[in-house]
Amino acid sequence: MAKSYSKYIAKLGLSGKGTIVVTGGNSGIGFAFAKEAATLGYHIILAVRNLSRGESAKSKILEASPLAKVEVYELDVSKHDSVRHFVDKVISDCLDIDVFYCNAGIYRTPFAISEEGLEEQVNTNYFGNYLLYKWLKPYLLSLGHQVRFVLTSSIVARFAKWDDAYFFGKLPYKKAKAYSASKLAINMFFKFLIEDCKGSFILPLLVHPGICYTPLIYKAFADRKLVLLANRLLRLFFHSPEKAALGSLYLLQEKIEFPCFVGPRGPFHLSGYPKTYHLYQGNLKGYSSFVAESEEIYKERFSLDK
Ligand SMILES: NC(=O)c1ccc[n+]([C@@H]2O[C@H](COP(=O)([O-])OP(=O)(O)OC[C@H]3O[C@@H](n4cnc5c(N)ncnc54)[C@H](OP(=O)(O)O)[C@@H]3O)[C@@H](O)[C@H]2O)c1
């Protein structure tokens, strides 16, 4: 981590104690966060869809901090059986989780439908987290201490308008609109979690990491050389994954005791050091029907009691 960030992190006064699960912790912002948190002393679980990419991320963290405690668990958030196996493993390992950071995500992917009929960006970026919460909740509550449940949003959620058709792939399919909708879904899910977790040990938190050049951006524009070049140049105005990870590190502070939304404080909220935002961002008008539809889809296609 750059020296200036180290100073910033030192000021946060983080305890370095406890266990943090990071989904998609093998790459980009999740990796930058995991590396820093491991260096601070936290026990890190990299929950990844590809175990060899997870092991290589673990090796890089251990290279930087040989005493770090890092484990790799398999989790593909887009596949409900993988989510189920992951939850079963967490429970059978009696993993004492303090922070669950839902970071994994995809961006502007071609049209695809999951086995259960959900559009892949909404499925991966939102519904996988919905399932994780649903299936982990009784276990997390049984731990008897606070668990921070961190969701990852994006600035683009502000410009989206929800329509339940996004669950199944709103046609004609627009990659960018589906991504924005998946992040608006996260903002609405966060609103639901604030109500659902009230008075319980689970503390819902939301982070918008800001814009940074990661494999997410590279993969999205790999076939559009000019856009990729523009993104590379714009890197000067965006921030690094390390700086983007400061938002989720900020949320580890003991003083964060209530639901909170954090993002960069720079112009247009694209980059910069973290600050807290208004809790509810974006057009959340469709919120009630969205929550009801999520529950309906869950009962029809994912419920364990089917
Ligand atoms: N970069 C930005 O400018 C930006 C801006 C706003 C929000 N975000 C959000 O920040 C988060 C992290 O993005 P990033 O930029 O760090 O991208 P990244 O480097 O591509 O990291 C995304 C991670 O998610 C994992 N992932 C993707 N699909 C998965 C699945 N089905 N199951 C499990 N893991 C999966 C990827 O695994 P693989 O390595 O196996 O592909 C990777 O580890 C995302 O939620 C993204 O939407 C990013």
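Residues 93 to 398, numbered by this note's numbering, are exactly what the sequence shown covers, in order. Cβ coordinates follow ideal geometry from the N, Cα and C atoms, glycine included.
- In this structure, ligand 1 has no non-hydrogen atom nearer than 8 angstroms to the beta-carbon of V354.
- Non-local beta-carbon contacts of G374 in its own chain, meaning distances under 7 angstroms to residues more than five positions away in sequence, involve A249, R250, A252, L276 and N279 in chain order.
- Contiguous alpha helix (DSSP H) elements confined to the stretch 216 to 263 occur at 220 to 234, taking only those with 4 or more residues.
- Residue D173 holds the alpha-carbon nearest to the alpha-carbon of E208 among K181, I189 and D173.
- In the DSSP secondary-structure assignment, E211 is bridged to I205.
- Per the Cβ contact rule, the stretch 143 to 155 is not in contact with the stretch 326 to 335 (fewer than 3 Cβ pairs under 8 angstroms).
- In terms of CA proximity to V191, L298 leads the group F394, L298 and Y258.
- When secondary structure is reduced to three states using DSSP, E166 falls in the strand class.
- Secondary structure note for L308: it is in no beta strand (DSSP E), and the uninterrupted alpha helix (DSSP H) holding it is P307 to F313.
- A337 carries a coil assignment under DSSP once its states are collapsed to helix, strand and coil.
- For Y100 against L338, the beta-carbon gap comes to about 6 angstroms, under 8 angstroms, which counts as contact.
- Secondary structure of L295 (DSSP, three-state): strand.
- In this structure, A160 has its beta carbon at no less than 8 angstroms from each heavy atom of ligand 1.
- According to the DSSP assignment, Y193 belongs to the beta strand (DSSP E) that extends over V191 to C194.
- In this model, L224 and H237 are separated by some 19 angstroms (Cα to Cα).
- When rounded, the separation of the alpha-carbon atoms in D315 and Y199 is 14 angstroms.
- Contact between G116 and G197 holds: CB atoms are separated by about 7 angstroms, below the 8 angstroms threshold.
- Within the chosen limit of 8 angstroms, ligand 1 reaches the beta carbon of G197 through at least one heavy atom.
- In chain order, K275 and H300 place their CB closer than 7 angstroms to the CB of S246, counting only its own chain and leaving out the 5 sequence neighbours on each side.
- Separation of L326 and L132 (C-alpha to C-alpha, rounded to the nearest whole angstrom) is 31 angstroms.
- Between ligand 1 and the CB of P359, the shortest heavy atom gap is not smaller than 8 angstroms.
- Relative to ligand 1, Y225 has its C-beta separated by 8 angstroms or more from all heavy atoms.
- With respect to the C-alpha of L371, the residue from T306, V354 and V383 having the closest C-alpha is V354.
- The C-alpha of L318 lies about 21 angstroms from the C-alpha of Y271.
- Relative to the Cα of Y369, the nearest Cα in the group L233, I294, L343 and F293 belongs to L343.
- Taking non-hydrogen atoms of ligand 1 into account, the C-beta of G374 is found less than 8 angstroms away from none of them.
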